[in-house]
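Residue numbers (the working numbering), protein chains in the order written: chain A, 1 to 121; chain B, 122 to 704; chain C, 705 to 1216. Using N, Cα and C, we set each Cβ at its ideal position, and we do this for glycine too.
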Amino acid sequence: MSLIKKSSQQVKPFDKERDIHPFAIPFLWLGNKKVIKNFIWIPFSGLILMILIGLLYPQKHPAPWDVIPGSWALIGFFSYCLIVLCAKPLTSLLAQPEDYYGEGGLLDPEFSVENMVDEND
Amino acid sequence: MIDFLQINPGIWLILSGLICTIIPHTPFTQLYRKCLVVCAPIFTAFMITQIFTSDIAIGGLISIAGIELTTLRIDNLSMVWGYLFCLIGILNGIYGLHEKCKITDSAALIYSGAAVAGVLSGDLLTLFLFWELTAISSVFLVWRGGEHAYAAGVRYLALHVLSGVILLIGAVIHAKFNGGSYAFNHIGLQNLGGWLILLAIGIKCGFPFLHMWMQDAYPKASITGTVILSAFTTKMAIYTLARGYVGTDILIYIGAVMTCFPVFFALVENDLRRVLSFSLNNQLGFMVCGIGIGTELAINGVVGQVFVHVIFKSLLFMSIGAVIYRVGTAKASELGGLFRSMPITALFCLIGAGSIAAFPLLAAFVTKAMIISSVIYEAHHNSVLYLIAAMLLFASAGVMEHSGIKVPYFTFFSHDSGRRVKEAPWNMLVAMGLAASLCIFLAFPWGGYQMLYNLLPYEANYKPYTVDHVVFQLQLLFAAITAFCLLKKSGLYPAEKRSEILDFDWFYRKCGFDLLKSINLGWNTLDAKISNITRSAYGSVNKCLYGVFSPIGSFSKAAPSGLASVMTAAMLILVLIIVYFVR
Amino acid sequence: MNLMSIFSQWIIEQGPAFLIVLPLLMGAVTAVIPNKGMAWWITFFVTIICTYTAFSLFQHVYFDSFLLYTMGGWNPPHGISLIVDGLSAPILLLISVMAVLTVIYALPASISEIEPKKRAPFYAAFLICFAGLMGMVITGDAFNVFVFLEVSSISTYALVAMGAARDRRSLAAAYNYLIMGSIGATFFVIGLGFLFMETGTLNMAEMSDILSELDGGSRVSKVGYGFIIVGLGLKIAMFPLHTWLPRAYAYAPTKITIFLASTATKAAIYLLLRFTFTVFDPSFDYIAIMLKYLIMGVAIVGMAFASFQAIFQSDVRRVLAYSSVAQVGYILLGIGIATSSGLAAGYLHLLNHAVIKGCLFISVGAFWYRFGITRVNDFSGLFKTMPLTMGAFTLGGLSLIGVPFTAGFVSKVKLILAAAEQDMWWAVLVIVFSSVLAIVYIGRIILFAYFGTPPKINGSILVKNEAPLMMLFPMWTLGLMSIAIGVNAFGIGDSFVSASEIAASVLLGERG
């Protein structure tokens, strides 16, 4: 199958610095530790700004919860947290080894990097 | 002379698919085949423009055994699907240009043709025919995924053929209640037929507990296969819902549940194509819910959502497909940091993710808002719907989580997996580029979204770009991103683990299978005992029969003339007794 | 379609006599001509001309009325008359068409089956047999029936015995056939003697009038009928009297099997119908009882019994021969029901069965011609080596089983309906049961042919070796004909059905 062939071509040692796509070079800062650490300020400031504008321009067809300022932001935040915090119990409840059904799992690469420790992380 | 305008345009696609199957497999004819794959949808779209000249075009009337069939009906509603399927057919064709597989090409053409023909058919029997054809043709795409897809393909085929059979039974019952008319208009739930048809559609568009085939088969199909599959089957089901069940209350609740539950599964799932399948399911929930509301605004929202959804969902599947093509896997645990080597794909994926999460200026914003607004408007009359609206908002945050953040983040950003691969092939980039620019164009505030709205079945006065819409949508999205950053920082965000997440299909894949195995075991022992008895019984009966009738048997021995003469005499005596004495 | 205009009046007027005289005369000529190669051509043209004549007569009867031809201008009851009516015309046509197809098939088949010096006599005997069968069907004089019966039978004994070049057992089979056939003919003529005693005439129409005046007549005519039915029963291969048939069919030259299976028993059944329904009358109480108990009884038992026997045969020709006995059971069942729908169904099955069995025996003959095989086990993988022939065999086999869209289905359904009309559900059950048995014995052969592996000769698999065109043509004609009847293509199915309905109305005296 073509998939296997493709991946077998890539079993050569990577040169992490050299094999970067030219278009990506201007954006390498995205992988910078500091940028990642402080990225939160962008959505957070946007959030504050939108809550403020939301106070000036309220919903034209408000739902009952729209009396609370920044209602959609609260919904978004708590929904998100709820979903993510559900992950742990769900995983322990539903996760099984990959060959659980014995049908052969999904596609796998030639080698795994699952347990690789990345110094940037 | 055949009137070509009386022929359902989907037939042209099916025909070209059949032609594909007979084109021999050489590098040279490969070129012709690929041309056909891209050009056939263009031609089909052209035929639709030729047929659809007034408000409603009806044609291809056939009468079989007293049943009137309307094999072609194009009106405001089905026209959108017709064009959409042609458009996505072209994009898929371009995306698959690199692939040298004849089966994929022919199956894709027949499949898309069946979908087009299905939505453009005007009666339930024609719909049933193409309904089954989509199932049968598409399963080849699943099987192209390799050996591990075989069982999933069989399950997929079984469920879809079952769905078609239920549709047929429902159609027959429905026709009985409607004076024998198989016309496909509003169906509703007045009789058993309506319920059965709803069940059939429910299987196709993944109602809760009927959804498992989607997450089972789609991630296992081939790269192009998944992209093609994701576009047609479920949207065809949405069309039938929009045609037959507008304003059916139960759909509101089904839709709301459908938007919410996949969110949780998508989060813990490791396989990104499966994440996208859950996300597809969740998006379908929005549409089902909108159809249940059934106001003009809601239907407009649903139709618009279908249109843009097909584009950005394909875009997402395409970008993950490109990653699989280069890296060989779509497991989040194996990926990360790929923006360094596949920046263009990453950009397109981000556009797709933004579109599905309904960022302003990107596709879903102009349509999803219509659905949620229609729910809130209706909630003024029925306050239960506020709960539904809240569920939809919750699901919107969920969409942001799994499609907007998880898919691009774990693929292209996150920790650097160290994988350095080539950028996706040019044809994939072209297809993704086209899809991405459509995502932007169809939401463009100055002249873009108006074109989309012109396609909608009802007149659309809705204004998506009002300050409150933009602001509150952005509140939701920014809050979600902020939450993500916070959770990630605090280490509460779960790391991706390689695992198989059990879903409802556990009941038949594991539970049912084990049950069958134990039944089988019991049966085997029982069978062995019974067969011992029957074998001896059969043996003796067989011996008797053989002894009587076989060439060496007593009745088949070459009867000597003398014996035969005696028999003749006996016969004569019998005859004489009868004529003489029987009265 | 009415094609009357294309037939000359002469053919219509003189055709009945022509049908007997021409083959008889040419049979004699064929036997003595010095150029042996001419024999086939003469036979071929005679059968073609007879087919043409029979077809024109059929058209005349179908669209116009029945024909009465007086030999030498002597009117009945003193002269001999020939009758062509709705009952006899289809059988005449059937016999002559089957004769043409058999002759076409015979050209290649003779090469392997008949020694060169015996070929001219063979064709002469064939023509005489043909003339005898035509005469049996067409004549209106009861004694003439006996004469033609003997003419056809004696030539048939000779023809069956010619299989000796291939298989010596054919001599025994022919001898057995001779004995049984002679007993049958003797019984028949004894029966005629009784009838003559009662009525004082040999003309059938006259006999019928006198018998109905006498309201069935005395015990003399009852005994006469008893002898006639047993005598004909032997010729028909009615169930317990069928013992001569499997061997005769299995060991005769293949082309004779084809001809016999599709015509000889059919002509005898015609006589049974003629005597039972037009000379006698089903309203006589002894006829009614005979139909109800004897004919139906042997029909039912024969259907089941012979089907079982067919299942256990190892030789395909014997399978088909026993199946013929079972099919005769179907036809007799239709006759025994004795309503117009029952008679029509029986008559239709008679025509269809001739077509089907012709097709099957021709393809089996082709297998023998190519590979010399007739055993079921040897059919393994035949579909790969002789696909076209096996295809025709499959068509015929499906039709014999009664799969929808085949001739067998049409007549079996009509038979079932006719039985159901009379509330004879047990008969319906037996028909279905016997059809299931047919699935077994035909399916067994077809399974071997399609899924078996072709035999290996010297380590290599046999290459494709199709039957010659001269064999493929008749077998596919008949195979497609059976499908055409089943799907009513070109109106063929309808014309068969209406021919059978007309025959039934003639039998019940509703039509002249």
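Inset, instruction - Starting from Leu193/B, follow its DSSP beta bridges and name the residues at the other end. - result: Looking up residue 193/B in the second sequence gives position 72. Its beta-bridge partners are Gly180/B.
Inset, instruction - Can you tell me which of Ala909/C, Ser1028/C, Ser792/C and Tyr773/C puts its alpha carbon nearest to the alpha carbon of Ser785/C? - result: As a working note, residue 785/C is residue 81 in the third sequence. Minimum Cα distance to Ser785/C is reached at Tyr773/C.
Inset, instruction - Check whether the Cβ of Thr405/B lies closer than 7 Å to any Cβ atom in chain A. - result: On the second sequence, position 284 is the one that residue 405/B refers to. A small fix is needed here, since residue 405/B is Leu in this sequence, not Thr. The C-beta of Leu405/B comes no closer than 7 Å to any C-beta of chain A.
Inset, instruction - Assess, as a yes-or-no matter, whether the segment 851-866 of chain C is touched by the segment 826-833 of chain C under the definition of 3 or more beta carbon pairs within less than 8 Å. - result: Counting Cβ pairs under 8 Å, three or more are found: they touch.
Legend entry - DSSP bridge partner residues for Arg1079/C (one or two, in chain order): Reading the third sequence from its first residue, position 375 is the one you call residue 1079/C. Answer is Asp1019/C, bridged to Arg1079/C.
Legend entry - Proximal chain A residues relative to Leu597/B, where beta-carbon distance stays under 8 Å: Position 476 of the second sequence, counted from the first residue, corresponds to residue 597/B. Under the 8 Å cutoff, chain A gives Trp72, Ala73, Ile75 and Gly76.
Inset, instruction - Using 10 angstroms around the beta-carbon of Cys207/B, count the other beta-carbons present and answer buried if the total reaches 16, otherwise exposed. - result: Numbered from 1 along the second sequence, position 86 holds the residue referred to as residue 207/B. In the assembly as shown, Cys207/B is a buried residue. Its beta-carbon has 16 or more other beta-carbons within 10 Å.
Inset, instruction - Measure the alpha-carbon distance for His219/B versus Ala545/B and round it to whole angstroms. - result: Position 98 of the second sequence, counting from 1, holds the residue named residue 219/B. Position 424 of the second sequence, counting from 1, holds the residue named residue 545/B. Separation of His219/B and Ala545/B (C-alpha to C-alpha, rounded to the nearest whole angstrom) is 11 Å.
Inset, instruction - Check whether the Cβ of Ser495/B lies closer than 7 Å to any Cβ atom in chain A. - result: The residue labelled residue 495/B in the question sits at position 374 within the second sequence. With 7 Å as the cut-off, Ser495/B does not count as an interface residue toward chain A.
Inset, instruction - Please classify Gly1050/C: is it buried, with 16 or more other beta-carbons within 10 angstroms of its beta-carbon, or exposed? - result: One-based indexing of the third sequence puts residue 1050/C at position 346. With a 10 Å radius around the Cβ and a threshold of 16 neighbouring Cβ atoms, Gly1050/C comes out buried.
Inset, instruction - Would you identify the three-state DSSP class for Glu717/C, choosing helix, strand or coil? - result: Position 13 of the third sequence, counting from 1, holds the residue named residue 717/C. Three-state result, Glu717/C: helix.
Inset, instruction - Verify the CB distance criterion: does Pro64/A have a CB-CB separation below 7 Å to chain B? - result: Walking along the first sequence from the start, residue 64/A turns up at place 64. The beta carbon of Pro64/A falls within 7 Å of a beta carbon belonging to chain B, placing the residue at that interface.
Inset, instruction - Mark Pro26/A as exposed unless 16 or more other C-beta atoms lie within 10 angstroms of its C-beta, in which case mark it buried. - result: Within the first sequence, the letter at position 26 stands for residue 26/A. Per the 10 Å Cβ criterion, exposed.
Inset, instruction - Closer than 7 Å by beta-carbon distance: list the chain A residues that pair up with Ser227/B, in chain order. - result: Taking the second sequence and counting its residues from 1, one reaches residue 227/B at position 106. For Ser227/B, there are no C-beta contacts with chain A under 7 Å, since the nearest C-beta of that chain is about 18 Å from it.
Legend entry - Helix, strand or coil at Ala304/B [DSSP, three-state]: Working through the second sequence from its first residue, we reach residue 304/B at position 183. In this structure, Ala304/B counts as strand in the three-state DSSP scheme.
Legend entry - Range of the contiguous alpha helix (DSSP H) that encloses Thr961/C: In the third sequence, the residue the question calls residue 961/C occupies position 257. In this chain, the alpha helix (DSSP H) harbouring Thr961/C covers Thr958 to Phe963.
Inset, instruction - Kindly indicate if chain F contains any beta-carbon less than 7 Å away from that of Lys60/A. - result: The structure shown contains no chain F; the protein chains it does contain are A, B and C.
Legend entry - Pair within 7 Å by beta-carbon distance, Ser1044/C and Ala1208/C: By 1-based counting over the third sequence, the position of residue 1044/C is 340. By 1-based counting over the third sequence, the position of residue 1208/C is 504. Cβ atoms of Ser1044/C and Ala1208/C: closer than 7 Å.
Inset, instruction - Consider the Cβ of Tyr1034/C: report whether some Cβ of chain B lies at a distance smaller than 7 Å. - result: What you label residue 1034/C is simply residue 330 of the third sequence in a count that begins at 1. So, not an interface residue.
Inset, instruction - Could you list which residues in chain B have their beta carbon closer than 8 Å to that of Pro69/A, in chain order? - result: By one-based count along the first sequence, residue 69/A stands at place 69. Result: empty, since nearest Cβ-Cβ is about 10 Å, beyond 8 Å.
Inset, instruction - Measure the CB-CB distance between Ile40/A and Gly70/A and report whether it falls below 7 Å. - result: Here residue 40/A refers to the residue found at position 40 of the first sequence. Here residue 70/A refers to the residue found at position 70 of the first sequence. For Ile40/A and Gly70/A, no; Cβs fall outside 7 Å.
Inset, instruction - Report whether the distance from the Cβ of Ile412/B to the nearest heavy atom of the ligand NAP is below 6 Å. - result: This structure does not include the ligand NAP; it has no bound ligands of any sort.
Inset, instruction - Determine the closest residue to Ala516/B out of Gly413/B, Ile414/B, Met379/B and Lys527/B, with distance taken between C-alpha atoms. - result: What you label residue 516/B is simply residue 395 of the second sequence in a count that begins at 1. It is Met379/B.
Inset, instruction - Spell out whether any CB of chain A is found under 7 Å from the CB atom of Tyr614/B. - result: Reading the second sequence from its first residue, position 493 is the one you call residue 614/B. At a cut-off of 7 Å between C-beta atoms, Tyr614/B counts as an interface residue with respect to chain A.
Inset, instruction - Identify every run of the beta strand (DSSP E) within the segment 610-658 of chain B, keeping only runs that are complete inside it and at least 3 residues long; order them along the chain. - result: The DSSP assignment places no complete run of the beta strand (DSSP E) inside the segment 610-658 of chain B (cut-off: 3 residues).
Inset, instruction - Could you pull out every residue in the same chain whose Cβ sits closer than 8 Å to the Cβ of Met1174/C, ignoring the five residues on either side in sequence? - result: As a working note, residue 1174/C is residue 470 in the third sequence. Excluding residues within five positions, the ones whose Cβ falls inside 8 Å are Ile808, Tyr809, Leu811 and Pro812.
Legend entry - Sequence ranges, beta strand (DSSP E) only - wholly within the segment 712-798 of chain C, length at least 3: With a minimum length of 3 residues, the continuous beta strand (DSSP E) runs that stay inside the segment 712-798 of chain C are 771-774 and 785-788.
Inset, instruction - Going by CA-CA distance only, name the one from Ala952/C, Gly930/C and Ala1070/C that's closest to Ile991/C. - result: Translated into the one-based positions of the third sequence, residue 991/C becomes position 287. Closest by alpha carbon: Gly930/C.
Inset, instruction - Quick one: grab the DSSP three-state call for Asn582/B. - result: As a first step, residue 582/B must be located in the second sequence, where it is residue number 461. Asn582/B: coil per DSSP, three-state reduction.
Inset, instruction - Could you tell me whether the Cβ of Asp589/B comes closer than 7 Å to any Cβ of chain A? - result: Reading the second sequence from its first residue, position 468 is the one you call residue 589/B. Closer than 7 Å: yes.
Inset, instruction - Taking Leu483/B and Ile493/B to be in contact with their CB atoms under 8 Å, please state how far apart those CB atoms are, rounded to whole angstroms. - result: Translated into the one-based positions of the second sequence, residue 483/B becomes position 362. Translated into the one-based positions of the second sequence, residue 493/B becomes position 372. The beta carbons of Leu483/B and Ile493/B sit about 16 Å from each other, so the pair does not count as a contact at 8 Å.
Inset, instruction - Return helix, strand or coil for Ile1161/C, following the three-state DSSP convention. - result: Counting from 1 along the third sequence, the entry for residue 1161/C is found at position 457. In the structure shown, Ile1161/C falls within a strand segment according to DSSP collapsed to helix, strand and coil.
Inset, instruction - Give the interface partners of Tyr659/B over in chain C, defined as CB-CB distance under 8 Å, in chain order. - result: If you number the second sequence from 1, residue 659/B lands on position 538. For Tyr659/B, there are no C-beta contacts with chain C under 8 Å, since the nearest C-beta of that chain is about 14 Å from it.
Legend entry - C-alpha gap between Asn779/C and Glu717/C, whole angstroms: Position 75 of the third sequence, counting from 1, holds the residue named residue 779/C. Position 13 of the third sequence, counting from 1, holds the residue named residue 717/C. Between Asn779/C and Glu717/C, the C-alpha separation is close to 15 Å.
Inset, instruction - Only counting runs of 3 or more residues, tell me where the beta strand (DSSP E) segments fall wholly within the segment 311-340 of chain B, in order along the chain. - result: Positions of the beta strand (DSSP E) runs, each at least 3 residues long and wholly inside the segment 311-340 of chain B, cannot be given because no such run exists.
Inset, instruction - Taking only beta-carbon positions, decide if Lys996/C is within less than 7 Å of chain B. - result: Position 292 of the third sequence, counted from the first residue, corresponds to residue 996/C. At least 7 Å separates the CB of Lys996/C from every CB of chain B.
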